[in-house]
Amino acid sequence: MLHTPTGGAGNGTATAGDRLMSIGTVLNQLREEFPEVTISKIRFLESEGLVEPRRTPSGYRKFSPEDVERLAQVLRMQRDHYLPLKVIREHLDALSRGEQPTLPAPGGAGDLADGRGEGDPDRPTASRVGRTELLVAAEVTEAELTEWESYGLISAGPEGGYDAESVNVARLVADLGRFGLEPRHLRAMKAAADREAGLVEQVVAPLRLHRNPQTRAHAEATVKELAALSVRLHAALVQTALGVRLQ
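Residues in the sequence shown are numbered from 467 upward in steps of one, following my numbering.
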């Protein structure tokens with residue numbers, strides 16, 4: 467659940483101006499539920515018409531609590547339903563008109579993409595996404611995905627499907643591409659991520675081989691915790707190297 471400031475400064479009365487937030491504050495709030503969100507992502511969603519923050523006379527964005535909740539809705543629909551932005555926009559527009567539209571169940575993007583039925587093995591699930599679904603959900607082209615695969619940034623599993631996290635990877639690669647960063651530039655990031663994953667595997671390997679089921683279960687929880695810490699450390703190191711603060 468997102469928490470937005472409600473108290474005003476000084477006299478304790480909240481006004482519209484008091485409740486408006488900078489993009490950095492919005493980022494901090496959204497990251498409680500969406501750790502992967504970036505300022506670039508928020509700006510992109512604005513450019514796509516998903517949110518319309520106010521502007522100060524000097525041009526700075528100012529977001530209302532309603533804007534923040536709308537952004538959260540967009541991010542949830544992308545994460546949980548793998549929906550393209552066009553469908554999300556139509557859904558939110560319908561809600562604003564007082565309608566009660568329904569969303570497809572998680573993993574239903576395949577129906578939107580090409581009308582295939584529930585029995586199709588390429589339908590996305592919580593852990594697997596078909597190629598068509600990946601293209602639709604990430605809003606990228608076949609040529610882009612093929613190029614990213616050639617550089618090892620995204621790869622299909624043995625059965626041809628993709629890990630659901632590949633959708634997020636594809637979106638981030640596309641976001642970086644808008645700044646001129648090409649797949650060849652991102653190979654170093656992929657190599658660094660593989661090395662970090664290798665370190666985590668070294669830590670948990672003895673736990674996974676343990677006879678005690680509880681110890682093996684603890685190994686999986688340890689992987690998640692180490693992964694989260696690794697991501698935070700990487701972000702902090704990049705910010706330190708660039709001399710910037712996003713939070």
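Heads up, the beta-carbon is just placed ideally off N, CA and C, and yes, glycines get one too.
Just how far apart, CA to CA, sit Arg536 and His700? Stepping through the sequence shown from its first residue, residue 536 is reached at position 70. Stepping through the sequence shown from its first residue, residue 700 is reached at position 234. Distance between the alpha carbons of Arg536 and His700: 29 Å.
Would you be able to state if there are at least three C-beta pairs under 8 Å between the region 662-675 and the region 619-637? Two segments are said to touch when three or more pairs of C-beta atoms, one from each, lie closer than 8 Å; by this definition the region 619-637 does not touch the region 662-675.
I need the boundaries of the alpha helix (DSSP H) containing His651, first residue and last residue. As a working mapping, residue 651 is identified with position 185 in the sequence shown. Bounds of the alpha helix (DSSP H) holding His651 are 649-674.
If you measure between the beta carbons of Phe510 and Leu541, is that distance less than 8 Å? To locate residue 510, count along the sequence shown from 1; it is residue 44. To locate residue 541, count along the sequence shown from 1; it is residue 75. For the pair Phe510 and Leu541, the CB atoms are not nearer than the 8 Å cut-off.
How is Phe510 classed by DSSP in three states: helix, strand or coil? Here residue 510 is taken as the residue at index 44 of the sequence shown, counted from 1. In this structure, Phe510 counts as helix in the three-state DSSP scheme.
Compare the beta carbon distance of Leu673 and Thr681 with 8 Å and say whether it is the shorter of the two. Translated into the one-based positions of the sequence shown, residue 673 becomes position 207. Translated into the one-based positions of the sequence shown, residue 681 becomes position 215. Yes, Cβ-Cβ distance for Leu673 and Thr681 is below 8 Å.
What residues in its chain sit with their C-beta under 6 Å from that of Ser696, if we drop five residues either side in the sequence? Within the sequence shown, numbered from 1, the residue matching residue 696 stands at position 230. Within the same chain, and ignoring the five residues on either side of Ser696 in sequence, the residues whose Cβ sits closer than 6 Å to its Cβ are Glu662.
Per the contact definition of three or more C-beta pairs closer than 8 Å, is the region 509-528 in contact with the region 554-571? Yes, the region 554-571 is in contact with the region 509-528.
In angstroms, rounded to a whole number, what distance separates the CA positions of Gln495 and Asp629? As a position in the sequence shown, residue 495 is number 29, starting the count at 1. As a position in the sequence shown, residue 629 is number 163, starting the count at 1. Roughly 27 Å between the two C-alpha positions.
What does DSSP give as the partner residue(s) for Arg555 in the beta ladder? Position 89 of the sequence shown, counted from the start, is the residue given in the question as residue 555. Answer is none; Arg555 lacks a bridge partner.
Ser616 classed as buried or exposed, judged by whether at least 16 other C-beta atoms fall within 10 angstroms: Sequence index remark: in the sequence shown, residue 616 carries index 150 (1-based). A residue is called buried once 16 or more other Cβ atoms fall within 10 Å of its Cβ, and Ser616, having fewer, is exposed.
Less than 8 Å between the CB atoms is what I'm expecting for Asp641 and Lys507, so what's the real figure, rounded? Numbered from its first residue, the sequence shown carries residue 641 at position 175. Numbered from its first residue, the sequence shown carries residue 507 at position 41. 6 Å between Cβ atoms; contact.
Output the boundary residues of the alpha helix (DSSP H) element that contains Arg542. As a working mapping, residue 542 is identified with position 76 in the sequence shown. It spans 531-547 - the alpha helix (DSSP H) in which Arg542 sits, taken as one unbroken run.
Start-end ranges of the alpha helix (DSSP H) lying completely within the region 616-651, minimum 4 residues: Within the region 616-651, the complete alpha helix (DSSP H) runs of at least 4 residues are 631-643.
Rounded to whole angstroms, what's the CA-CA distance from Leu561 to Gln539? Just pull it up for me. Within the sequence shown, the letter at position 95 stands for residue 561. Within the sequence shown, the letter at position 73 stands for residue 539. Answer to the nearest angstrom: the Cα atoms are 12 Å apart.
As assigned by DSSP and simplified to three states, the class of Arg520: Start at 1 with the first residue of the sequence shown, and residue 520 comes out as number 54. Looking at Arg520 - three-state DSSP - the assignment turns out to be strand.
Under the three-state reduction of DSSP, which class applies to Val503: helix, strand or coil? Here residue 503 refers to the residue found at position 37 of the sequence shown. Note: Val503 maps to coil in three-state DSSP.
Could you tell me whether the Cβ atoms of Pro649 and Leu600 are closer together than 8 Å? Taking the first residue of the sequence shown as position 1, residue 649 is located at position 183. Taking the first residue of the sequence shown as position 1, residue 600 is located at position 134. Against a cut-off of 8 Å, the Cβ pair of Leu600 and Pro649 comes out as no contact.
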